[in-house]
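Engineer: Numbering (our numbering), first residue to last: 20 to 201.
The C-beta atom is built at its ideal place from N, Cα and C for all residues, glycine as well.
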Amino acid sequence: MRIFTEAAGLGRRLFEAFVGLICLGFVAFILLAYLSARPHSHNRISCISNLKQLGLANLMYAADWDDRLPPRDIWMDAIRDYHKNYGGERCGEVTAKYADRKDLYGYSFNSRLSGFKTGVLDWEATQNRPMLYDSINLARNASDPFASLPDPPRHGELVNMVCFLDSHTKGLKKEAAKSVGP
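1) Exposed or buried, what is His-187 when buried is set at 16 or more other beta-carbons lying within 10 Å of its beta-carbon?
2) Does Lys-189 come out as helix, strand or coil in the three-state DSSP assignment?
3) State yes or no: is the C-beta of Arg-87 within less than 8 Å of the C-beta of Gly-190?
4) Consult DSSP for Ala-161 and reduce its assignment to one of helix, strand or coil.
5) Between Ser-130 and Asp-163, what straight-line distance do the alpha-carbon atoms span, to the nearest angstrom?
6) In three-state terms, what does DSSP make of Cys-182?
7) Buried or exposed for Tyr-105, going by 16 or more other Cβ atoms inside 10 Å?
8) Can you tell me which of the three DSSP states Val-199 falls into?
9) Assuming Asp-153 is part of the beta strand (DSSP E), what are its boundary residues?
10) Which term fits Met-20, buried or exposed, when burial requires 16 or more other beta carbons within 10 angstroms of its beta carbon?
11) On the DSSP bridge assignment, give the partners of Tyr-126 in chain order.
12) Kindly list the residues whose CB is nearer than 6 Å to the CB of Leu-184, restricted to its own chain and excluding five residues on each side of it in sequence; keep chain order.
13) Can you tell me whether DSSP reads Lys-103 as helix, strand or coil?
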């Protein structure tokens, strides 16, 4: 009798282990399906980081130049000494799409802020004023009056990345981008 109960106990443990492995496999399958459905997430995160660093570099430039932002035609060249991530001058989506082209960047500077004196604004006024953003103009030192957002948006979940004058950075849906100040 004892032999049969030990065999039954061993069979039960093997069955429980088998069920546990099936459950782990199912969870892994769901996780992989979720991650593969979000192919833009890495580029979106790197784009937010890049814009944040470029925004901070613009503000450091302004701190050294009488609180004035760089001129619109040379903004990316002017802030080169204020950041060291030169790869961060290119949007991850642009890099992925045009891997063989090193002369395409994907970010634009709000031309209305060219030479703008940052010290004259109060905190609330800087929070809704775009400084840098995803742009259809892929040239280095691209600038325009916040008019070249890609349509459809460049990043997953239908968002374009925007860095505001106070250097906070976020993804804006197409409808929300229309309500952003000049």
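Structural biologist: Working from what's here:
1) Taking the first residue of the sequence shown as 1, we reach residue 187 at position 168. Exposed, because fewer than 16 other Cβ atoms sit within 10 Å of the Cβ of His-187.
2) What you label residue 189 is simply residue 170 of the sequence shown in a count that begins at 1. In this structure, Lys-189 counts as strand in the three-state DSSP scheme.
3) If you number the sequence shown from 1, residue 87 lands on position 68. If you number the sequence shown from 1, residue 190 lands on position 171. Not in contact: Arg-87 and Gly-190 (Cβ atoms no closer than 8 Å).
4) Position 142 of the sequence shown, counted from the first residue, corresponds to residue 161. For Ala-161, the three-state secondary structure derived from DSSP is strand.
5) Counting from 1 along the sequence shown, the entry for residue 130 is found at position 111. Counting from 1 along the sequence shown, the entry for residue 163 is found at position 144. If you take the alpha carbons of Ser-130 and Asp-163, they lie about 5 Å apart.
6) As a working note, residue 182 is residue 163 in the sequence shown. Residue state, collapsed to three classes: strand.
7) By one-based count along the sequence shown, residue 105 stands at place 86. With fewer than 16 Cβ atoms within 10 Å of its Cβ, Tyr-105 is classed as exposed.
8) Reading the sequence shown from its first residue, position 180 is the one you call residue 199. Three-state result, Val-199: coil.
9) Within the sequence shown, the letter at position 134 stands for residue 153. DSSP places Asp-153 inside the beta strand (DSSP E), whose first and last residues are 149-153.
10) Position 1 of the sequence shown, counted from the start, is the residue given in the question as residue 20. Confidence at Met-20 is low in this model, with a pLDDT of 49, below 50, so its placement is unreliable and no value can be given for it.
11) Start at 1 with the first residue of the sequence shown, and residue 126 comes out as number 107. Bridge partners of Tyr-126: Asp-153.
12) Stepping through the sequence shown from its first residue, residue 184 is reached at position 165. Within the same chain, Leu-184 has close Cβ partners Thr-145, Arg-148 and Met-150.
13) The residue labelled residue 103 in the question sits at position 84 within the sequence shown. The answer is coil: DSSP assigns Lys-103 none of H, G, I, E or B.
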